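Here's the structure we're looking at; comments come further down.
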Amino acid sequence: MKNRKHLVWIVLGFLFIVIAINLIRNRYTTLSSDDARLTLNDSSAVSHILIRRTNDSLFLSRRSDGTWIFPDQRIANPAYLKFVFRIFSQLKISSVVPRNQWDAIRDSILHAGVEIIFYNHQQLILHNIYLFPDRQNQKTFALKKSAQQPFLVELPGYEGNFSGLFYLPVTQWYQPVIIHYNPRQIREIYVDHVESPDKSFTLRILPGQQPILLDIENDPHPYSEEALKAYLTFLRNIYVEKYIDKQASTTAWRKQIQSIVFALLMKPIASIN
């Protein structure tokens, strides 16, 4: 009888151990696996980034001067790239997804998530990962390419769903700064009046000398010093407010806008006829 009791306790103990191991596997393990390595090893080795969304893709390349550009040579917003590298250098797992939810969450990530691929200069893949927002709970899921296990992740110091960055329209990824100069660094400004070339002018600013306003024939003209000051202040910072749809941006339309802008810029300084 005693032997039977001992046997029962042994069997129950064995079952308890098996159940405990399964629970740990389902909920808490694999953090040391390759699936859980979500950050970039070396961001300085990244030369290209592909952001693949449901309906389109963004492709960025790093130039020798450190700026990032799109295939059409538009410069990307450096603040966004800085945030991208912050994400993939500081990303941490906040919660392990239970095993019985892996397949459903993985399917959602692959169907509606964003795939981010980092390449080196030889076009070899350095890192390939999916991000997917849990908008209801303001959290983010991450899944490495070809991995089975998704994770809930967080970015230290950032509240909310940081993956929204990768869902922004491409125009919001463009560098918003058109002109950003210190007026004291400007030595010459040339304005090309598209519709009336004879109204084009050059403003020459030499150190220690009075600025000179020259017309299309290179003849000097008088001007208002206050207007010149306002003009240089205007040129200090010019940002994009909104990118116009390509279909609406016809050649005639661009010429009209360009002519109006330059006419407004030149009138406060002088009227060159």
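Reading the sequence shown from the start, the letters are residues 57 to 329 in the numbering used here.
Positions of the beta carbon are idealized from the N, C-alpha and C atoms, including for glycine.
What you are looking at is a predicted structure, and each value in this text was computed from that prediction instead of being measured.
If only complete runs of 3 or more residues are kept, the region 160-228 shows the beta strand (DSSP E) at 170-175, 181-190, 195-200 and 207-210, in order along the chain. With a 10 Å radius around the Cβ and a threshold of 16 neighbouring Cβ atoms, Arg-162 comes out buried. Counting only the Cα atoms, Phe-115 lies some 15 Å from Gln-178. Each of Asp-91, Lys-255 and Glu-282 was checked against the Cα of Lys-148, and the nearest Cα belongs to Asp-91. In the structure shown, the three-state DSSP call for Thr-123 is coil.
The secondary-structure analysis by DSSP pairs Lys-148 across a beta bridge with Glu-210.
The secondary-structure analysis by DSSP pairs Leu-270 across a beta bridge with Thr-258 and Pro-276.
DSSP places Tyr-246 inside the beta strand (DSSP E), whose first and last residues are 244-247.
If you look at Ile-107, you'll find it in the beta strand (DSSP E) that goes 104-108. A distance of 8 Å or more separates the beta carbons of Val-140 and Ser-219. Judged by their CB atoms, Asn-111 and Tyr-230 are not nearer to each other than the 8 Å cut-off.
Taking C-beta separations shorter than 6 Å and ignoring five residues to either side along the sequence, the partners of Arg-108 in its chain run Glu-171, following chain order. Between Leu-96 and Phe-174 a beta carbon distance of about 6 Å is seen, short of the 8 Å cut, so the two are scored as contacting. Per the C-alpha coordinates, the member of Leu-182, Arg-130 and Arg-155 positioned closest to Ser-103 is Leu-182. With respect to the 8 Å criterion, Leu-208 and Val-153 are classified as neighbours on the basis of their beta carbons. Taking C-beta atoms under 8 Å as the contact rule, Ile-272 and Phe-257 qualify, at a distance of about 7 Å.
A residue is called buried once 16 or more other Cβ atoms fall within 10 Å of its Cβ, and Lys-200 is buried on that count.
Ile-143 places its beta carbon 8 Å or farther from that of Leu-224. One Cα belongs to Glu-251, the other to Leu-166, and the distance between them is close to 52 Å.
For Arg-118, the enclosing beta strand (DSSP E) begins and ends at 113-118.
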